[in-house]
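Engineer: Chains A, B, C and D are the protein sequences, given in the same order. Each number in the numbering used here comes from the position in the first sequence (counting from 1) with 1038 added on. Each number in the numbering used here comes from the position in the second sequence (counting from 1) with 1038 added on. Each number in the numbering used here comes from the position in the third sequence (counting from 1) with 1038 added on. Each number in the numbering used here comes from the position in the fourth sequence (counting from 1) with 1038 added on. Supplied in structure tokens, the structure appears directly below.
There are 4 protein chains.
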Amino acid sequence: MEKANPITWRNRLHNTIYESNTMAGKAFDVALLALIMSSIVVVMLDSIDEYHDRYGRVFYIMEWAFTGLFTLEYLLRLISIQRPWRYVFSFFGLIDLLAIIPSYLSIFLVGAQSLLVLRALRLLRVFRIFKLTHFLTEMEFLKISIATSLKKITIFMLVVLSLVIILGSVMYLVENGQNGFTSIPASIYWAIVTITTVGYGDITPVTTVGKFVASLMMFIGYGIIAVPTGIITTEMAFAARRRKHGHETCPGCGREGHDNDAVFCKFCGTLL
Amino acid sequence: MEKANPITWRNRLHNTIYESNTMAGKAFDVALLALIMSSIVVVMLDSIDEYHDRYGRVFYIMEWAFTGLFTLEYLLRLISIQRPWRYVFSFFGLIDLLAIIPSYLSIFLVGAQSLLVLRALRLLRVFRIFKLTHFLTEMEFLKISIATSLKKITIFMLVVLSLVIILGSVMYLVENGQNGFTSIPASIYWAIVTITTVGYGDITPVTTVGKFVASLMMFIGYGIIAVPTGIITTEMAFAARRRKHGHETCPGCGREGHDNDAVFCKFCGTLL
Amino acid sequence: MEKANPITWRNRLHNTIYESNTMAGKAFDVALLALIMSSIVVVMLDSIDEYHDRYGRVFYIMEWAFTGLFTLEYLLRLISIQRPWRYVFSFFGLIDLLAIIPSYLSIFLVGAQSLLVLRALRLLRVFRIFKLTHFLTEMEFLKISIATSLKKITIFMLVVLSLVIILGSVMYLVENGQNGFTSIPASIYWAIVTITTVGYGDITPVTTVGKFVASLMMFIGYGIIAVPTGIITTEMAFAARRRKHGHETCPGCGREGHDNDAVFCKFCGTLL
Amino acid sequence: MEKANPITWRNRLHNTIYESNTMAGKAFDVALLALIMSSIVVVMLDSIDEYHDRYGRVFYIMEWAFTGLFTLEYLLRLISIQRPWRYVFSFFGLIDLLAIIPSYLSIFLVGAQSLLVLRALRLLRVFRIFKLTHFLTEMEFLKISIATSLKKITIFMLVVLSLVIILGSVMYLVENGQNGFTSIPASIYWAIVTITTVGYGDITPVTTVGKFVASLMMFIGYGIIAVPTGIITTEMAFAARRRKHGHETCPGCGREGHDNDAVFCKFCGTLL
Chain A
1039 MEKANPITWR NRLHNTIYES NTMAGKAFDV ALLALIMSSI VVVMLDSIDE YHDRYGRVFY
1099 IMEWAFTGLF TLEYLLRLIS IQRPWRYVFS FFGLIDLLAI IPSYLSIFLV GAQSLLVLRA
1159 LRLLRVFRIF KLTHFLTEME FLKISIATSL KKITIFMLVV LSLVIILGSV MYLVENGQNG
1219 FTSIPASIYW AIVTITTVGY GDITPVTTVG KFVASLMMFI GYGIIAVPTG IITTEMAFAA
1279 RRRKHGHETC PGCGREGHDN DAVFCKFCGT LL
Chain B
1039 MEKANPITWR NRLHNTIYES NTMAGKAFDV ALLALIMSSI VVVMLDSIDE YHDRYGRVFY
1099 IMEWAFTGLF TLEYLLRLIS IQRPWRYVFS FFGLIDLLAI IPSYLSIFLV GAQSLLVLRA
1159 LRLLRVFRIF KLTHFLTEME FLKISIATSL KKITIFMLVV LSLVIILGSV MYLVENGQNG
1219 FTSIPASIYW AIVTITTVGY GDITPVTTVG KFVASLMMFI GYGIIAVPTG IITTEMAFAA
1279 RRRKHGHETC PGCGREGHDN DAVFCKFCGT LL
Chain C
1039 MEKANPITWR NRLHNTIYES NTMAGKAFDV ALLALIMSSI VVVMLDSIDE YHDRYGRVFY
1099 IMEWAFTGLF TLEYLLRLIS IQRPWRYVFS FFGLIDLLAI IPSYLSIFLV GAQSLLVLRA
1159 LRLLRVFRIF KLTHFLTEME FLKISIATSL KKITIFMLVV LSLVIILGSV MYLVENGQNG
1219 FTSIPASIYW AIVTITTVGY GDITPVTTVG KFVASLMMFI GYGIIAVPTG IITTEMAFAA
1279 RRRKHGHETC PGCGREGHDN DAVFCKFCGT LL
Chain D
1039 MEKANPITWR NRLHNTIYES NTMAGKAFDV ALLALIMSSI VVVMLDSIDE YHDRYGRVFY
1099 IMEWAFTGLF TLEYLLRLIS IQRPWRYVFS FFGLIDLLAI IPSYLSIFLV GAQSLLVLRA
1159 LRLLRVFRIF KLTHFLTEME FLKISIATSL KKITIFMLVV LSLVIILGSV MYLVENGQNG
1219 FTSIPASIYW AIVTITTVGY GDITPVTTVG KFVASLMMFI GYGIIAVPTG IITTEMAFAA
1279 RRRKHGHETC PGCGREGHDN DAVFCKFCGT LL
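Rendered as structure tokens:
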């Protein structure tokens, strides 16, 4: 925040780039977001053979323009912050670097340009920018709910992983290495495709026993898909209730559970 | 509502067409619904080559009959309402127009008739008509729950969108533009098919690394499908509780929203 | 129940067949269930060409044996009940009849035997028999939760149906009647396969616009699959709470919300 | 636990192998887990033809090394426990045996080595080891929620099973044994693939009636997938609430289970 510092040009630059409570800061954020999105669209279009053949030249120039602008932004971020190294090795610092390196690498290394798709990672900055808007509370809410349920989800995922390895191995035995179940890893891949109900159909059981095991697996998958939902819903309900009801205690009767907007205790009528 | 106006023919027409508290109004609604459904069934059947060859002539006549009736309805709606332009540019006004235009266009423009399928949009009028029945409360309930969770769902969808762009781009790199992953947009399409657990199987990973990334993605999809469910369930539970409790009014301050177990008003301390 | 009647042979037969509080009644239920399952297994095995060729003769005899036993059971049910016609036209009465008719029909009509698969409907009797066990409360609970949410689910299904008709029609236009989208009904079938996340892959979009519409549809499907879950979960939570907490009012303070096992009011300590 | 016994070597061995409150016990558990995982990875890699051809010899030696270590572990477990037979016939005892038998069998029986994949079952020991960490409470929580909802889930699964048999049989009739619906079991397999929304696409309806029945089935599947989620979520919410509240003991009667807002014991009326 650095609100006590004298307003120097470096300070003003910092506020524009890293904060968004000023007019310039907001404009910078919106412009940056538009730039990131445009650069991703260009990389996307360039990956389509038809467009590459026709507009490849234009895309090439645009990509260098984006690289130039992102490099400029990167340098400005470096000089306007007090501890540059900390930014460089931060999550967003690394992503920002990953977005400009491939272009420069492509001068020396043929094919390095294909790494430009990593620019898509910069999209995550959207959530940084969102922070400033009224979505903040909702994001906080989602983050808390997911964070508190992470332990349970981890255990659940471990159970699913064991299940998938065991049932995948069983299918490898049952289908005898035939019909696409050529190896245990391939069979595990099939098991994941099945238990998550994605069901590509690139590998499907052919033998009767295999179909039976597969049916069993689908039923298991059908039943356990309910578990992560149950976990997250329960945590969300608690988070939502916590947000609504205060943890204040009534001075008259000592009871809790009052609403956030309560002025008097709902049990004994004492002023809170 | 216009209840103060003298009962003129225009007024009666308005009541029949726009309201449904009269016998005629209800009959009009039911007849309209039947007409819309019949017209959609005819368009559907006409799209099947076999039936088109055999009954094409009959369908052609029926479609003009429906167009005639819908045009008549449109005109009646126009003359019976006080501000016709407002209806014309309203959501349902535009859909009503879209349902009759293609037929007239087809006189001048070959192929415009295929736009007749837009008539399916008129199906949405079902919900207009439902409003009148005892489904109203339930619809209100669903609408409120979904509206309050819209912000959270939006953030969630943005996360999924970023994920899908990033993982799609990664797969384009991993599968090296082969095996259907011919461009980044195509790979993103695959990523969406995978993360939503639809899993057509028209594009599937072939390389080992690709299968590994795909497996990871399915697990992510499996875990996060729980999030929108959690959001909507929590909001519904709150909406349901709100509907059940808290409609008591405080005799002291006239405010609502008290808990079931409250003895004193939480706002002014009066005994409830 | 007919508990006041003198115990005649007809009465005892009725108790054995329709009730299950006697030893004989329980034995009858278990035997019937075993018989139904065996008959279904025989029909299943007979449908496999390989087995039909080898054991067709045996299956034929067994099917007639089952038909004989089921006919006997049907007649016994008829003579042991007071109002036979009521049973004949009841849900289970019709199913019981459907299970024996195809065999007799097959004497006169070639191919009627294939209707034997309708015998599978008798499986529903399992739930009749379950009624007697300790699963009753749980079944009641599930039935109430689903019944109370039926109205909301109906509206939801109507929304999905409209969506599927509209988006199916749009896809028919977009894919121009090619690539499997040969007619509007076929496109609607594809839309249902997509929005329910089944995703067979027998029809898939090929054009870029088609893939875009499909992606949109999958996202919609991903979001709205949460709605029926939310509805049922909320209803279940209410049903569960209702079952746990009594609706008794305390004579001392007039408050409700006591647990089922409560002896004293938890608010004022008065004996309930 | 055996805490009263004098510390002998056998006792110390028991503590190291079966418990994990000592340093040695923890080290043993981690080493065992690493060993199990390595052995599974080796079996996996060996199942890939390419690796088998190149490193088959190395894998062979490693598998015998793992077998030797697991045999040693098995013997140590046997001699360090007081009732060896009880361990041998316990769930984990049988799995431990199943993990070493195939190797020895392969000396006499060609092909028995393929049963090595059963080693994957040892992965379940992960959860045994997890017990010791802070995941215990969360695991307990998940286990309780799932256990209490098991009865409801069982009924639900029975309904789904009946539905799948009935609708599978109907499809066999409708598609007339063609298009992959070659037998009733095959059609039931298809029905399971459809209702669980897996949707491989290896068998798909071709006739119009078949597509209609399939669409109906997908809608049913879409609606009822909400039921197990609802069941588990409700149970989880109750389990979570129980864990949060109600651990206060009444000074009068010593019973627990009071609500958060209770002032008097609901069992004996004593002031809490």
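Using N, Cα and C, we set each Cβ at its ideal position, and we do this for glycine too. Note that the structure is a prediction, hence the values are computed from the model and not measured.
#1: Give me the chain A residues within the contact set of residue 1122 of chain D, using Cβ-Cβ distance strictly less than 8 angstroms, ordered along the chain.
#2: In chain D, which residues lie less than 7 angstroms from residue 1237 of chain C when you measure between Cβ atoms?
#3: Which ranges does the alpha helix (DSSP H) cover as unbroken runs of at least 4 residues, wholly within the segment 1077 to 1121 of chain D, from first to last along the chain?
#4: For the alpha helix (DSSP H) that contains residue 1053 of chain C, what are its first and last residues?
#5: Would you say residue 1141 of chain C and residue 1175 of chain C are within 8 angstroms of each other, going by their C-beta atoms?
#6: Under the rule that 16 or more other beta-carbon atoms within 10 Å means buried, what is residue 1047 of chain D, buried or exposed?
#7: Could you pull out every residue in the same chain whose Cβ sits closer than 7 angstroms to the Cβ of residue 1158 of chain C, ignoring the five residues on either side in sequence?
#8: Over the uninterrupted alpha helix (DSSP H) stretch that includes residue 1224 of chain A, give me the two end residues.
#9: Residue 1267 of chain C versus chain A: which residues are under 8 angstroms apart at the beta carbon?
#10: Just checking: is the beta-carbon of residue 1271 of chain C within a distance shorter than 8 angstroms of some beta-carbon in chain A?
#11: Can you list, in chain order, the residues of its chain with a C-beta nearer than 6 angstroms to that of residue 1318 of chain D? Leave out the 5 residues immediately preceding and following it.
#12: Mind pulling the chain D residues with CB within less than 7 angstroms of residue 1275 of chain A?
#13: To test your reading of the DSSP string, which unbroken alpha helix (DSSP H) runs of 4 or more residues are found completely within the segment 1238 to 1277 of chain C?
#14: In angstroms, rounded to a whole number, what distance separates the CA positions of residue 1240 of chain A and residue 1131 of chain D?
#15: List the residues of chain D whose Cβ lies closer than 7 angstroms to the Cβ of residue 1232 of chain A, in chain order.
#16: Using a cut-off of 8 angstroms between C-beta atoms, extract the partners of residue 1182 of chain D located in chain A.
#17: Under 8 angstroms, Cβ to Cβ, is there at least one residue of chain B near residue 1069 of chain A?
#18: Am I right that residue 1211 of chain D and residue 1144 of chain C are in contact with their C-beta atoms under 8 angstroms? What's the rounded C-beta distance?
#19: Determine, for residue 1112 of chain A, whether the minimum Cβ-Cβ distance to residues of chain D falls below 8 angstroms.
#20: With 8 angstroms as the threshold, decide whether the Cβ of residue 1178 of chain B is near any Cβ in chain C.
#21: Nearest-angstrom Cα distance between residue 1136 of chain A and residue 1154 of chain A?
#22: Distance check for residue 1203 of chain D and residue 1261 of chain A, CA to CA, integer angstroms please.
#23: Is the beta carbon of residue 1227 of chain C less than 8 angstroms from the beta carbon of residue 1237 of chain D?
#24: For the candidate residues B:1058, B:1194, B:1196, B:1050, whose alpha-carbon lies nearest to that of residue 1118 of chain B?
#25: When the Cα of residue 1257 of chain C is compared with those of B:1217, B:1180, B:1197, which residue comes out closest?
#26: Report the three-state DSSP secondary structure of residue 1073 of chain D (helix, strand or coil).
#27: Whole angstroms are fine: how far does the CA of residue 1234 of chain C sit from the CA of residue 1082 of chain A?
#28: For residue 980 of chain A, which three-state DSSP category applies?
#29: From which residue to which residue does the alpha helix (DSSP H) around residue 1136 of chain D run?
#30: Spell out whether any CB of chain A is found under 8 angstroms from the CB atom of residue 1189 of chain B.
#31: At the level of alpha carbons, what is the spacing between residue 1250 of chain A and residue 1217 of chain A?
#32: For a cutoff of 8 angstroms on Cβ pairs, would you count residue 1240 of chain A as touching chain B?
#33: At 8 angstroms on the CB atoms, spell out the chain D contacts of residue 1164 of chain C, in chain order.
#34: Considering only their Cβ atoms, is the gap separating residue 1266 of chain C from residue 1252 of chain C smaller than 8 angstroms?
#35: Within the present structure, is the beta-carbon of residue 1272 of chain A separated from the nearest heavy atom of the ligand PLP by less than 7 angstroms?
Structural biologist: According to the structure shown:
#1: Here residue 1122 of chain D refers to the residue found at position 84 when the fourth sequence is read from its first residue. Result: empty, since nearest Cβ-Cβ is about 27 angstroms, beyond 8 angstroms.
#2: As a first step, residue 1237 of chain C is located in the third sequence; it is residue number 199 there, counting from the start. The contacting residues are 1237.
#3: 1087 to 1118
#4: Along the third sequence, read from residue 1 onward, the residue named residue 1053 of chain C stands at position 15. Segment 1047 to 1056, the alpha helix (DSSP H) holding residue 1053 of chain C.
#5: On the third sequence, position 103 is the one that residue 1141 of chain C refers to. On the third sequence, position 137 is the one that residue 1175 of chain C refers to. No. Outside cutoff.
#6: One-based indexing of the fourth sequence puts residue 1047 of chain D at position 9. Classification for residue 1047 of chain D: exposed.
#7: Counting from one through the third sequence, the residue named residue 1158 of chain C turns up at place 120. Cβ within range, chain order: 1078.
#8: By one-based count along the first sequence, residue 1224 of chain A stands at place 186. Residues 1222 to 1233.
#9: Position 229 of the third sequence holds residue 1267 of chain C. Correct list: 1267.
#10: On the third sequence, position 233 is the one that residue 1271 of chain C refers to. Interface residue, yes.
#11: Nothing in the structure corresponds to residue 1318 of chain D, since chain D is present only between 1039 and 1310.
#12: Along the first sequence, read from residue 1 onward, the residue named residue 1275 of chain A stands at position 237. By Cβ distance, chain D contributes 1275.
#13: 1246 to 1262, all fully within the segment 1238 to 1277 of chain C.
#14: Here residue 1240 of chain A refers to the residue found at position 202 when the first sequence is read from its first residue. Here residue 1131 of chain D refers to the residue found at position 93 when the fourth sequence is read from its first residue. If you take the alpha carbons of residue 1240 of chain A and residue 1131 of chain D, they lie about 38 angstroms apart.
#15: Indexing the first sequence from 1 puts residue 1232 of chain A at position 194. Those are 1236, listed as they occur along chain D.
#16: Looking up residue 1182 of chain D in the fourth sequence gives position 144. Chain A residues near residue 1182 of chain D: none, gap ~12 angstroms exceeds 8 angstroms.
#17: Stepping through the first sequence from its first residue, residue 1069 of chain A is reached at position 31. Cβ-Cβ to chain B under 8 angstroms: no for residue 1069 of chain A.
#18: Along the fourth sequence, one-based indexing puts residue 1211 of chain D at 173. Along the third sequence, one-based indexing puts residue 1144 of chain C at 106. Between residue 1211 of chain D and residue 1144 of chain C a beta carbon distance of about 14 angstroms is seen, past the 8 angstroms cut, so the two are scored as non-contacting.
#19: Walking along the first sequence from the start, residue 1112 of chain A turns up at place 74. Taking Cβ atoms only, chain D never reaches closer than 8 angstroms to residue 1112 of chain A, which makes this a no.
#20: Indexing the second sequence from 1 puts residue 1178 of chain B at position 140. False, the Cβ-Cβ gap to chain C never drops below 8 angstroms.
#21: Indexing the first sequence from 1 puts residue 1136 of chain A at position 98. Indexing the first sequence from 1 puts residue 1154 of chain A at position 116. The straight-line gap from Cα to Cα measures roughly 9 angstroms.
#22: Within the first sequence, numbered from 1, the residue matching residue 1261 of chain A stands at position 223. Within the fourth sequence, numbered from 1, the residue matching residue 1203 of chain D stands at position 165. One C-alpha to the other measures close to 18 angstroms.
#23: Position 189 of the third sequence holds residue 1227 of chain C. Position 199 of the fourth sequence holds residue 1237 of chain D. Result no, Cβ atoms of residue 1227 of chain C and residue 1237 of chain D do not sit closer than 8 angstroms.
#24: On the second sequence, position 80 is the one that residue 1118 of chain B refers to. The shortest C-alpha separation from residue 1118 of chain B is found at B:1050.
#25: Counting from one through the third sequence, the residue named residue 1257 of chain C turns up at place 219. Ranking the options by Cα distance to residue 1257 of chain C, first place goes to B:1197.
#26: By one-based count along the fourth sequence, residue 1073 of chain D stands at place 35. Residue 1073 of chain D: helix per DSSP, three-state reduction.
#27: The residue given as residue 1082 of chain A occupies position 44 in the first sequence. The residue given as residue 1234 of chain C occupies position 196 in the third sequence. When rounded, the distance between both Cα atoms is 29 angstroms.
#28: Because residue 980 of chain A is not part of the residues shown, which for chain A are 1039 to 1310, the question remains open.
#29: Indexing the fourth sequence from 1 puts residue 1136 of chain D at position 98. 1129 to 1146 is the span of the alpha helix (DSSP H), which, as asked, contains residue 1136 of chain D.
#30: To locate residue 1189 of chain B, count along the second sequence from 1; it is residue 151. It does: the Cβ of residue 1189 of chain B has a partner Cβ on chain A nearer than 8 angstroms.
#31: Numbered from 1 along the first sequence, position 212 holds the residue referred to as residue 1250 of chain A. Numbered from 1 along the first sequence, position 179 holds the residue referred to as residue 1217 of chain A. Approximately 15 angstroms between the Cα atoms of the pair.
#32: Residue 1240 of chain A sits at position 202 when you count from the first residue of the first sequence. Closer than 8 angstroms to some Cβ of chain B, the Cβ of residue 1240 of chain A qualifies, so yes.
#33: Along the third sequence, one-based indexing puts residue 1164 of chain C at 126. Ordered by position in chain D, the residues that pass the 8 angstroms Cβ test against residue 1164 of chain C are 1196, 1200.
#34: Counting from 1 along the third sequence, the entry for residue 1252 of chain C is found at position 214. Counting from 1 along the third sequence, the entry for residue 1266 of chain C is found at position 228. No, these two residues do not count as a Cβ contact at 8 angstroms.
#35: Ligands in the displayed structure: none, and consequently the ligand PLP is not present.
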